[in-house]
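The numbers in UniProt numbering rise by one with no breaks, and the one at position 48 of the sequence shown is 48.
In this text, a Cβ means the ideal position worked out from N, Cα and C, and glycines have one as well.
All values derive from a computational prediction rather than experimental measurement.
Worksheet: the structure to be examined is printed underneath.
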Amino acid sequence: MSQRKVNKSRDTRPDVSELEPAIKECVRYILCREGGKIPIKRGDINKHLNTVCQTPQNQVSAIIVEANKVLKKVYGYELLEVAANAGKQYIVILSQECKSILPPIIDEHQRKLLIAALMHIFMSGAPVKEEDMYKFLTDAGLLEENDHASRKLLTTTFTRQMYLEYSKVKVTESNVTRCEFTWGQRAEHEVSKLFLLNKMAEAFGKTPDHWCEQYKEATRET
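See the structure below:
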């Protein structure tokens, strides 16, 4: 590539200062959406910036990069791209420096329910069948027999927020379909497995390395 072409490509690249209004609007939009914990579609960001700031689509990537810097520095958040069936999607997570067990969930029962579900999956070392999850949570005093609202939290709300994955799996031997829970993409980034293991160790009066496989997995992430 000639020097003239290189200079031309640099000249067409927008200066960050020129993007400042759109960057601020992008940060504001992401923070507003973050409260619901639902993944943010790239297309929604494009549409919003185009409507509010008349931002051309070819500038959105640069704006998102700069907005992410602001989210990290000012708010302790990070915008993370996650796997999606169609198009790009993002979730807002706590940055590494501010990481804790879980960001605040308004309802304490929801928080306990989610932590217990994640802990059961982690300690099981494999996906947990739906009926086994309900039995575990019932035995733990977190789920009642006809508590359909809490079941919906597990199968719908927490899965939309990507704390859990709830999927149907076909059992080849019996040709039967069953549902099971695994950790979601948000949980993998926000929830400390070592924290969960330490809590388990405290409850049973043991050291965390008593559970060898879980301890190896938990210490790999630190």
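Bridge partners - residue i, DSSP secondary structure assignment
i	result
K168	C179
E78	I93
Distance between beta carbons of residue j and residue i, contact taken as under 8 Å
i	j	result
K88	E81	6 Å
C53	A22	4 Å
Q110	L153	6 Å
T159	K170	That belief does not hold up - the Cβ atoms of T159 and K170 are roughly 19 Å apart, past 8 Å.
Residue i (DSSP reduced to helix, strand or coil)
i	result
K135	helix
Q214	helix
I38	coil
L19	helix
K193	helix
K129	strand
P56	coil
M119	helix
M200	helix
S174	coil
D107	coil
Y163	coil
A187	helix
T219	helix
A67	helix
N85	coil
A149	helix
Cβ-Cβ distance between residue i and residue j below 8 Å
i	j	result
W211	L196	no
A117	F204	no
G125	Q214	yes
L49	V65	no
M123	M200	yes
Q161	I38	yes
L79	V92	yes
Y166	A187	no
E190	L94	yes
K168	C179	yes
I45	C32	no
F136	H120	yes
I40	Y90	yes
L71	I30	yes
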